[in-house]
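Report on one structure; see the data block that follows.
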Amino acid sequence: MLNLGRHLEMVLNDCCLQLQEYIRKEGRCCKFKDFLANMSDYNNRQFQHLYILRYYPAYLCEYRTIYRYALECLRRESVVSIQSFGVGSLVDMNGFAYALDDLNMTGNNIIYTGYEKADWKQIEHQDIGFEKNLHYMDIADLQPGIQSANLFMFPKSITDFSQNSFERFIKGYLEQSSFTAERVVVTSAISPRNNGYYRNVSQERFCRVVQLFINKGYQPIAPYQNICTPFAAHNSGYYWGREYCNFSIPAEVINFSRSLSGQCPKVRLNGKTCYTCEQYLDKYPLLNANGMSYQLAYLESRNIASGSGKNFETVMGLDYHDFDPDDMPF
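Residue numbers (the working numbering): 282 to 611.
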């Protein structure tokens with residue numbers, strides 16, 4: 282696999298160049314401020330560059346970590362087939378690739394299928410070594426059928442779907458499909474903004490998906506209601522470089538991001554920023570790991586003889602309710 286630091290350098294340098302060119306042509310940064318204030322209009326390519334600049338490094342590491350937990354449950358399966366709903370820039374697929382490499386699970390028995398509605402700038406790691414299928418559509422339009430997938434991921438997307446789309450996804454796709462895998466993992470990464478109301482919606486929707494599998498003849502190997510925050514116990518400055526030694530962001534990228542308002546031609550001309558520009562524009566890329574949270578359910582078919590499946594606590598080597606990432610077996 283390409284060194285993590287080198288991969289981030291390539292991705293972020295390209296974003297900086299694209300943003301600089303856009304600012305030069307637009308003559309101002311005002312639209313960036315509107316986007317960051319509302320976190321909307323994901324179809325806008327320049328806003329995507331800004332989003333990637335701010336969040337891609339941390340989210341890549343989050344997905345790498347979550348997929349390592351999930352893959353530990355499935356590493357003895359002959360095939361790992363994932364369906365990821367709301368893949369955006371493909372940051373979760375790239376995190377998946379690093380997790381496979383971490384666990385030495387690369388090979389021809391890995392299938393990744395991603396779904397995305399918005400027209401995202403997609404970043405594909407150059408060393409992807411597995412079959413991938415990408416579909417650009419609303420999850421509400423997925424057609425039911427026989428599904429062999431055994432890993433289902435919602436990468437910070439489960440609260441982004443409209444209620445109508447989510448209901449159609451549940452009732453028109455999941456409820457009407459037949460699932461053949463003996464064991465499945467369902468997992469959902471939770472966005473940092475998903476506190477309060479959004480966190481509750483995230484839990485509710487996740488539990489509905491898991492309950493659907495239970496209704497179809499699966500049983501949880503571990504409790505799934507809790508939201509996991511593996512790095513919350515660390516101090517507030519705990520950053521991803523402590524977890525992954527090759528994690529690094531070029532100094533020029535950090536300086537560009539934390540002084541973005543200074544790139545605005547209006548600022549250079551007038552010598553001062555517009556109201557609230559610094560508040561929304563001048564931010565460091567997200568670096569710390571403390572805000573990472575996710576949900577994960579590990580289930581097996583009731584058709585399997587009781588006790589034949591690996592117990593979740595045995596697979597992970599720790600207690601699901603209160604675990605420390607330092608105790609992970611990798």
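The beta-carbon is built from N, C-alpha and C at its ideal position, and this holds for glycine as well. Quick caveat, the model's predicted, so the values are computed rather than measured.
According to the DSSP assignment, N414 belongs to the beta strand (DSSP E) that extends over 412 to 417.
DSSP lists P436, Y575 as the bridge partner or partners of A470. When the beta-carbon positions are compared, I404 and V482 stay at least 7 Å from each other.
For Q500, DSSP records a beta bridge to E581.
Taking F411 as reference, the option from S362, T557, V467 with the minimal CA-CA separation is S362.
Under the three-state reduction of DSSP output, Y396 falls in the strand class.
Within the model, the alpha-carbon separation for S472 versus C526 is close to 24 Å. Ranked by how close their Cα comes to the Cα of E290, the residues I304, V465, P566 have P566 in first place. The beta carbon of D382 lies closer than 6 Å to those of M282 in the same chain, with the five residues before and after it left out. Under the criterion of beta carbons closer than 8 Å, Q329 and K398 do not qualify as touching, at roughly 14 Å.
Spatial neighbours of Y579 in its own chain (CB-CB distance under 6 Å, excluding positions within 5 residues in sequence) are listed in chain order as C354, V466, I502, A503, F593. The DSSP-derived three-state label of F460 is strand. Around the beta carbon of Y499, a 10 Å sphere encloses 16 or more other beta carbons of the protein chains shown; the residue is thus reported as buried.
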